[in-house]
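Okay, so here's the structure we're looking at.
Number of protein chains: 2
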Amino acid sequence: MGHFDNFFKSAFTVDNVIFGFDEGDLKVLLIRRGEEPYHGKWALPGYFVYPNEDLDDAAIRVLEELTGINNVYLEQVQTFGAVNRHAFGRVITVAYFSLIKISNYTIQPASIALQAQWHSVATVSPLAFDHDEILHACFMRLKWLVRSRPVGFELLPPKFTLTELQHLYEAILETELDKRNFRKKILSMDLLIDLNETQEGVAHRPAKLYKFDQKKYQELLKEGFSFELKESRKKEVKKRSNNSV
Amino acid sequence: MGHFDNFFKSAFTVDNVIFGFDEGDLKVLLIRRGEEPYHGKWALPGYFVYPNEDLDDAAIRVLEELTGINNVYLEQVQTFGAVNRHAFGRVITVAYFSLIKISNYTIQPASIALQAQWHSVATVSPLAFDHDEILHACFMRLKWLVRSRPVGFELLPPKFTLTELQHLYEAILETELDKRNFRKKILSMDLLIDLNETQEGVAHRPAKLYKFDQKKYQELLKEGFSFELKESRKKEVKKRSNNSV
DNA sequence: GTTAGCTAGTGTAAAAATTACACAAAGCCA
DNA sequence: TGGCTTTGTGTAATTTTTACACTAGCTAAC
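Sequences listed follow chains L and P, in order. Numbering of the first sequence is given in my numbering, commencing with residue 21 and proceeding in unit increments. Numbering of the second sequence is given in my numbering, commencing with residue 21 and proceeding in unit increments.
In structure tokens form, the structure reads like this:
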């Protein structure tokens, strides 16, 4: 360093958008800030990047420091650099996102964060800084991703039912899907392994449990496989008749 | 400012990947560097972001300063932040890309650049810094974009033939397309206006000229329109027989 | 002015993918 | 045993995609 002391320098951060899925609801992991500005407000887990640290490494480190979550695959989404996005000076931030199985992790907020908690994406209240905008951008990315990669499996527990999988897709795409067509499509990918087990403790016919065929998926990815899921929004007309009661 | 003087700061740049299309070839606009490091080497047009300047504005300004090109729509692609990507210190760069009609612009390199010139994407020699990687990322983005938006029109002159359009798609997708199916698909979008004119000065049957229906396209975009172009690679088997001569 | 050479322009049939749609089966519980 | 709830399944109609080959129209060379 030293050569660049004369050049324009800015503070530089990463912000992580971690999605999970629980109780039929798409969630995002937030921290309650323990520092000014926005002390006590909910925000995305993010912090400064060290000068000698790769961007991707910083995202992983910051996530662990603020929430206790480690060992996840983070994907870069977009960089936000509006001049006034931070009240204390010029701060440019790179947004990363990830999909995790909520049940696999225990949340442990570090000193800088007062608290770390899952929040329903559909109902999050205003966040600190421009984090609403960042969250929105990552949600759009997720929506796109769900159509080109079977991301569902990354959010569900190891064993899941087809109905759970469908609900996940519906939550992400914010639409309803046809049960039979959804199953046909999913099963035709040949990426699900029937575990020959059924749900327990439900007050109705128990559903079959499946797991994701990780091995086959990796092979398909190599071959440049692209998963397509498109389905028109159903029953728009019928729903309107409910409103008019 | 001032509050953040204690925090980790890095130098911060933008790099622009400007694509054009000419003589059946996909091109990228490069400058020859007039500064160390990589003095005299070809590189993407990029430079520092001012402290009081939005990221997107910086990309536009830097592009104009280095190449004379202004008034283009730049889209953010990805941020590159490996620790050692710049020999003189920590420099994080945001890559932007754009598609322009080569004939609409005159290239005028500024003092910092020795030269600015279009280079064929397929044959660019090694570039300064990690610019090969950045170019590759933007090319991948373009490949993706071409399937979901009729970007072709942004690269061609106002009047073009269907064959020119097809060659452009083939150059971007690095594949061959079936003439009849391509035309059927493109015309079915109903975004082309037949100009009732034909090519001049060609030594064969002249092709009809079309222009792009900008107005209709904007309307379709609002409705959440998504253009799909998929076509299998043709004639793989037949080509192999050539090799075996 | 005839012809050779080149690219433009066009249709159809087969296959594949998508969509819409309704009821019997299985387990739990009262 | 019957009622409740959710699971699990097939088919026909429609749309989209794919593969494929010859005539039309112009220039240039002879």
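Just so you know, even glycine gets a beta-carbon here, dropped at the ideal spot from N, CA and C.
**Prompt:** Could you give the distance in angstroms between the alpha-carbon of GLU196/L and the alpha-carbon of HIS187/L?
**Reply:** Residue mapping note: residue 196/L aligns to position 176 of the first sequence, counting from 1. Residue mapping note: residue 187/L aligns to position 167 of the first sequence, counting from 1. Inter-residue distance for GLU196/L and HIS187/L is about 9 Å (C-alpha atoms, whole angstroms).
**Request:** Using a Cβ cut-off of 9 Å, pull out every chain L residue sitting near ALA148/P, in sequence order please.
**Result:** Numbered from 1 along the second sequence, position 128 holds the residue referred to as residue 148/P. In chain L, no part has a C-beta under 9 Å from the C-beta of ALA148/P; the shortest such distance is about 16 Å.
**Item:** Any alpha helix (DSSP H) of 4 or more consecutive residues that is wholly inside the stretch 61-123 of chain L
**Value:** DSSP assignment within the stretch 61-123 of chain L yields the following whole alpha helix (DSSP H) runs of 4 residues or more, N-terminal first: 75-87.
**Helix, strand or coil at SER261/P [DSSP, three-state]** = Taking the second sequence and counting its residues from 1, one reaches residue 261/P at position 241. Its pLDDT being 29, under 50, SER261/P is placed unreliably by the model, and nothing is read from it.
**Prompt:** Does the beta carbon of THR183/L sit closer than 8 Å to a beta carbon anywhere in chain P?
**Reply:** For the purposes of this step, residue 183/L is taken as residue 163 along the first sequence, with counting starting at 1. Nearest CB-CB separation between THR183/L and chain P: not below the 8 Å threshold.
**Message:** Please report the distance separating the alpha-carbon of GLN137/L from that of GLY54/L.
**Reply:** Mapped onto the first sequence, residue 137/L falls at position 117. Mapped onto the first sequence, residue 54/L falls at position 34. If I take the Cα positions, the gap works out to 14 Å.
**Item:** Chain-ordered residues of the stretch 187-203 of chain L with a beta carbon less than 8 Å from chain P
**Value:** Along the stretch 187-203 of chain L, there is no position whose C-beta sits under 8 Å from a C-beta of chain P.
**Asked** Can you list, in chain order, the residues of the stretch 61-77 of chain L whose Cβ is nearer than 7 Å to any Cβ on chain P?
**Response** For the stretch 61-77 of chain L, which is checked against every Cβ of chain P, the residues closer than 7 Å are PHE68, VAL69, TYR70, PRO71, ASN72, GLU73, ASP74 and LEU75.
**Message:** Does the CB of ASN262/P have a neighbour CB from chain L at under 8 Å?
**Reply:** Taking the second sequence and counting its residues from 1, the one referred to as residue 262/P is at position 242. Because the pLDDT at ASN262/P is just 29, under 50, the model does not fix this residue reliably, and the value given afterwards should be weighed accordingly. It does not; no Cβ of chain L falls within 8 Å.
**Asked** Going by beta carbon distance, what residues of the same chain come within less than 8 Å of ALA133/P, once the five residues before and after it are set aside?
**Response** For the purposes of this step, residue 133/P is taken as residue 113 along the second sequence, with counting starting at 1. ILE51, ARG52, ARG53, GLY54, PRO65, LEU86 and THR87, listed in sequence order.
**Prompt:** Just how far apart, CA to CA, sit TYR93/L and TYR125/P?
**Reply:** Along the first sequence, one-based indexing puts residue 93/L at 73. Along the second sequence, one-based indexing puts residue 125/P at 105. Spanning the two alpha carbons is a distance of roughly 42 Å.
**Under the three-state DSSP convention, the category TYR125/L falls into** = To locate residue 125/L, count along the first sequence from 1; it is residue 105. Residue state, collapsed to three classes: coil.
**Item:** Nearest candidate by alpha-carbon position, reference THR99/L, set PRO146/P, TYR230/P, LEU176/P and THR113/P
**Value:** Against the first sequence, residue 99/L aligns to sequence position 79. With distances taken between Cα atoms, THR99/L lies closest to THR113/P.
**Request:** Sort ALA191/P, ALA31/P and TYR116/P by Cα distance to VAL37/P and report the nearest one.
**Result:** Looking up residue 37/P in the second sequence gives position 17. Comparing Cα-Cα distances from VAL37/P to each of ALA191/P, ALA31/P and TYR116/P, the minimum goes to TYR116/P.
**Asked** By the 10 Å Cβ neighbour count, where 16 or more other Cβ atoms means buried, how is TRP164/L classified, buried or exposed?
**Response** The residue labelled residue 164/L in the question sits at position 144 within the first sequence. The residue in question, TRP164/L, is exposed, as its Cβ has fewer than 16 Cβ neighbours within 10 Å.
**8 Å Cβ cutoff, VAL166/L in contact with chain P** = Indexing the first sequence from 1 puts residue 166/L at position 146. No, no contact with chain P.
**Item:** Opposing strand residues paired with HIS139/P [DSSP bridges]
**Value:** Here the question's residue 139/P lines up with position 119 in the second sequence. HIS139/P is bridged to VAL48/P.
**Message:** Would LEU119/P and VAL82/P be called neighbours here (beta carbons separated by less than 8 Å)?
**Reply:** Translated into the one-based positions of the second sequence, residue 119/P becomes position 99. Translated into the one-based positions of the second sequence, residue 82/P becomes position 62. Cβ atoms of LEU119/P and VAL82/P: not closer than 8 Å.
**Request:** Report the neighbours of LYS205/L on chain P: residues whose CB is nearer than 9 Å to its CB, in chain order.
**Result:** For the purposes of this step, residue 205/L is taken as residue 185 along the first sequence, with counting starting at 1. Chain order gives no chain P residues near LYS205/L, where near means a beta carbon separation below 9 Å; the closest approach is about 17 Å.
**Item:** Same chain only: Cβ atoms within 7 Å of ILE192/P, ignoring 5 sequence neighbours per side
**Value:** Position 172 of the second sequence, counted from the start, is the residue given in the question as residue 192/P. Cβ neighbours of ILE192/P beyond the five flanking positions: LEU46, LEU162, LYS163 and VAL166.
**Message:** Per DSSP, what are the beta-bridge partners of ASN201/L in this structure?
**Reply:** As a working note, residue 201/L is residue 181 in the first sequence. BP columns for ASN201/L are empty, so no partner.
**Item:** Proximal residues of chain L, C-beta to C-beta of VAL82/P below 9 Å
**Value:** Start at 1 with the first residue of the second sequence, and residue 82/P comes out as number 62. Going along chain L, no residue has its Cβ under 9 Å from VAL82/P, so there is no contact; the nearest lies around 12 Å.
**Message:** What does the alpha-carbon distance come out to for the pair LYS228/P and ILE213/P?
**Reply:** As a first step, residue 228/P must be located in the second sequence, where it is residue number 208. As a first step, residue 213/P must be located in the second sequence, where it is residue number 193. For LYS228/P and ILE213/P, the distance between alpha carbons rounds to 11 Å.
**Where SER30/L falls: helix, strand or coil (DSSP)** = The residue labelled residue 30/L in the question sits at position 10 within the first sequence. Under the three-state reduction of DSSP, SER30/L is assigned to strand.
**Message:** Let's see if you can read the secondary structure: which residues bound the beta strand (DSSP E) around THR218/L?
**Reply:** Position 198 of the first sequence holds residue 218/L. For THR218/L, the enclosing beta strand (DSSP E) stretches over residues 212-218.
**Message:** Taking the straight line between their C-alpha atoms, what separation do you get for TYR189/P and GLN96/P?
**Reply:** Position 169 of the second sequence, counted from the start, is the residue given in the question as residue 189/P. Position 76 of the second sequence, counted from the start, is the residue given in the question as residue 96/P. Looking at the two C-alpha atoms, the distance is approximately 22 Å.
**Asked** Quick one: what's TYR230/L bridged to in DSSP?
**Response** Taking the first sequence and counting its residues from 1, one reaches residue 230/L at position 210. Residue pairing by DSSP places TYR230/L opposite PHE180/L and ASP214/L in a beta bridge.
**Request:** Give the DSSP bridge partners of GLY40/P, in chain order.
**Result:** Looking up residue 40/P in the second sequence gives position 20. DSSP links GLY40/P through a beta bridge to LYS47/P.
**Asked** Residue range of the alpha helix (DSSP H) that SER145/P falls in?
**Response** Here residue 145/P refers to the residue found at position 125 when the second sequence is read from its first residue. Run containing SER145/P: none; DSSP gives neither H nor E here.
**Prompt:** Sorted by chain position, which residues of the same chain lie with C-beta nearer than 6 Å to PHE202/P's C-beta, five sequence neighbours on each side aside?
**Reply:** By 1-based counting over the second sequence, the position of residue 202/P is 182. Here the set comprises GLN186.
**Request:** Sort out for me which residues DSSP pairs ASP152/L with in a bridge.
**Result:** As a first step, residue 152/L must be located in the first sequence, where it is residue number 132. Note: ASP152/L sits in no beta bridge, so no partner.
**Close Cβ partners of LEU215/L (< 7 Å) along its chain, the five nearest in sequence each way excluded** = If you number the first sequence from 1, residue 215/L lands on position 195. Hits under 7 Å: LYS179, LEU229, TYR230 and LYS231.
**Item:** Burial state of GLY101/P (16 or more Cβ within 10 Å)
**Value:** Taking the first residue of the second sequence as position 1, residue 101/P is located at position 81. Buried, by the Cβ-count rule.
**Message:** With DSSP as the reference, identify every bridge partner of ARG53/L, one or two as the case may be.
**Reply:** Locating residue 53/L in the first sequence gives position 33, where the first residue counts as 1. Paired residue(s): ALA133/L.
**Request:** Just the C-alpha distance for GLY60/P and PRO71/P, rounded to the nearest angstrom, thanks.
**Result:** Reading the second sequence from its first residue, position 40 is the one you call residue 60/P. Reading the second sequence from its first residue, position 51 is the one you call residue 71/P. Their backbone Cα atoms lie some 28 Å apart in a straight line.
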